[in-house]
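Here's the structure, in structure tokens; my notes come after.
Right, dumping it as structure tokens:
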């Protein structure tokens, strides 16, 4: 399902490198959307987006409850008329190596994250890209 996104062009890649917040949308059990602001990093070559969060957050619990197939999610960034949405399936990773890697990527795009011993990573395998870039 994941694809190498490096061929989408320099403008796309730069848009996902620039420092800006995004929104993460998940679907609650009752079918309604749950949307929250997040920091996100894109690994275009691997076709993965990563969001660090606390393991007890609503978004982490929703992804964990989805099981091994992952939860359907969308990440969206907007800058005026430019926007990009990454759709895919998210899984939760809690192993120290995955968390450290995601924290390093987050620090490169945003800033060093505060210490959080309950931190996990939502790893999103990107299946579709939408936008106007």
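Residue numbers (this note's numbering): 500 to 632.
Note that CB positions come from ideal geometry on N, CA and C, so glycine has one too.
When burial is assigned at 16 or more other CB atoms within 10 Å of the CB, is residue i buried or exposed?
i	result
residue 520	exposed
residue 614	exposed
residue 578	exposed
residue 611	exposed
residue 601	buried
residue 500	Residue placement at residue 500 cannot be trusted, given a pLDDT of 48 that sits under 50; what the coordinates show is reported in the next sentence. Its Cβ having fewer than 16 others within 10 Å, residue 500 is exposed.
Could you tell me which residues DSSP puts in a beta bridge with residue i?
i	result
residue 576	583
residue 537	521
residue 503	Per DSSP, none; premise fails for residue 503.
residue 526	532
residue 588	571, 624
Mind checking which residues open and close the beta strand (DSSP E) that includes residue i?
i	result
residue 627	618-631
residue 548	547-553
Cβ of residue i within 8 Å of Cβ of residue j?
i	j	result
residue 574	residue 539	yes
residue 604	residue 549	yes
residue 619	residue 554	yes
residue 576	residue 514	yes
residue 525	residue 558	yes
residue 547	residue 622	yes
residue 609	residue 527	no
residue 561	residue 570	yes
residue 631	residue 581	yes
In the DSSP assignment, find the unbroken alpha helix (DSSP H) run with residue i in it and report its ends.
i	result
residue 595	595-608
residue 561	557-564
residue 510	509-514
Shorter than 7 Å, the distance from the beta carbon of residue i to the closest heavy atom of the ligand NAD, or not?
i	result
residue 551	This structure does not include the ligand NAD; it has no bound ligands of any sort.
State whether the segment 574-585 contacts the segment 620-629, with contact taken as three or more CB pairs (one from each stretch) at a distance under 8 Å. By the Cβ test, the segment 574-585 is in contact with the segment 620-629, since at least three Cβ pairs between them sit closer than 8 Å.
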